[in-house]
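To get the working numbering, take the position in the sequence shown, counting from 1, and add 6. Glycine included, each C-beta is placed from N, C-alpha and C at the ideal position. Bear in mind that the values here come from a model prediction, so they are computed numbers and not experimental data.
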Amino acid sequence: KDFIDHTLPQERSLQAGRKSMPYRSVAEFMAERYHTSEDLLIAINSAKTLRSATAHSAIKVPNIRPFLIEKLKHGRTYKSEERLSAQRIVVDTQIKQIYVYTLILPTVQENANGTTKISKAKPQLVASFPITPGKPRFIPVGIWNLKNSVELPIWRYDKQLLETGVRGELSLTIPAGPNNPVGVIWNGLSKSGIGIHGTNNPRTIGRAQSAGCIRLSNWDAVRFPNFARPGAIVEIR
């Protein structure tokens, strides 16, 4: 019950007055927990089953490791880490995919004839996620750095910024939660106002465009700090 509120409004002005942005239904909660859509849960159960579901109801779900939102902490940050801060992130806005690479260091091989062979350093792909990139006129193509990583962030709703790309004087503060537009984690870049983050609408991932940031599903976004930390290079192309 701590993560579901059937009365959560759609209007930003009303959301700003709430303490959090939880799920609106058990169906939404379970769909995100098991990396799927409410439509699929209805198909393998029934609309009636989901409407009447409570905390102890049994329903069919995909056989996948669940996204445990209860493990997240408001404002928890992920710091730099030698190996993960050296990763390279490539955001491909054309095919709507993000890639994380680690650098395989050169190795030295002593041959039987007394010669030495030194291999070249090369990148190795360690993770890949589907994304929704920003609109072409807003997306900051170039080389940046991962600056910070924060769980359950609040969001500054700036209508002017979303429409024009220019920061406005009027804004609303939208509280943290899975239905916050930046989702359950914010990975900010050295480019001000731009980040790699979650979403309140996972069905749009890979199918739409955002205002300027890079969106992942919440279940993918929470895994991002396992592959890259502040300091990592981010190439947007």
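Compute the distance between the beta-carbons of residue i and residue j, then report whether it is under 8 Å.
i: Tyr84; j: Ser155; result: yes
i: Gln92; j: Leu109; result: According to the sequence as given, residue 92 is Ala; it is not Gln. Taking 8 Å as the Cβ cut-off, Ala92 and Leu109 qualify as a contacting pair.
i: Gly218; j: Phe144; result: yes
i: Val114; j: Thr122; result: yes
i: Tyr29; j: Asn185; result: yes
i: Ser216; j: Thr99; result: no
i: Ala22; j: Leu56; result: no
i: Trp150; j: Ser196; result: yes
i: Ile220; j: Gly140; result: yes
i: Gly194; j: Gly201; result: yes
i: Arg251; j: Pro68; result: The structure shown does not extend to residue 251, since the chain spans only 7 to 243, so no value can be given for it.
i: Leu158; j: Leu78; result: yes
i: Phe135; j: Ile75; result: no
i: Leu90; j: Ala238; result: yes
i: Arg24; j: Pro181; result: yes
What is the DSSP secondary structure of residue i, counted as helix, strand or coil?
i: Glu116; result: strand
i: Glu169; result: helix
i: Glu175; result: coil
i: Arg209; result: helix
i: Pro136; result: strand
i: Gln21; result: helix
i: Asn232; result: helix
i: Val32; result: helix
i: Asn186; result: coil
Around the Cβ of residue i, are there at least 16 other Cβ atoms within 10 angstroms (buried) or fewer (exposed)?
i: His203; result: buried
i: Val147; result: exposed
i: Leu152; result: buried
i: Gly81; result: exposed
i: Asn206; result: buried
i: Thr179; result: exposed
i: Lys102; result: buried
i: Ile70; result: exposed
i: Ile50; result: exposed
i: Asn119; result: exposed
i: Ile124; result: exposed
i: Pro187; result: buried
i: Asn117; result: exposed
May I ask you to check if the CB of residue i is nearer than 7 Å to at least one heavy atom of the ligand MG?
i: Asn186; result: Looking at this structure, you won't find the ligand MG or any other ligand, since it has none at all.
What whole-angstrom Cβ distance do residue i and residue j have, given they're in contact under 8 Å?
i: Leu47; j: Ala37; result: 6 Å
i: Phe73; j: Val228; result: 7 Å
i: Gly174; j: Asp164; result: 5 Å
i: Val97; j: Ile191; result: Their Cβ separation, rounded to whole angstroms, is 16 Å, which puts Val97 and Ile191 out of contact at 8 Å.
Segments assigned alpha helix (DSSP H), at least 4 residues, entirely inside the stretch 40-103 = If we require 4 residues or more, the alpha helix (DSSP H) runs fully inside the stretch 40-103 come out as 44-50, 53-57.
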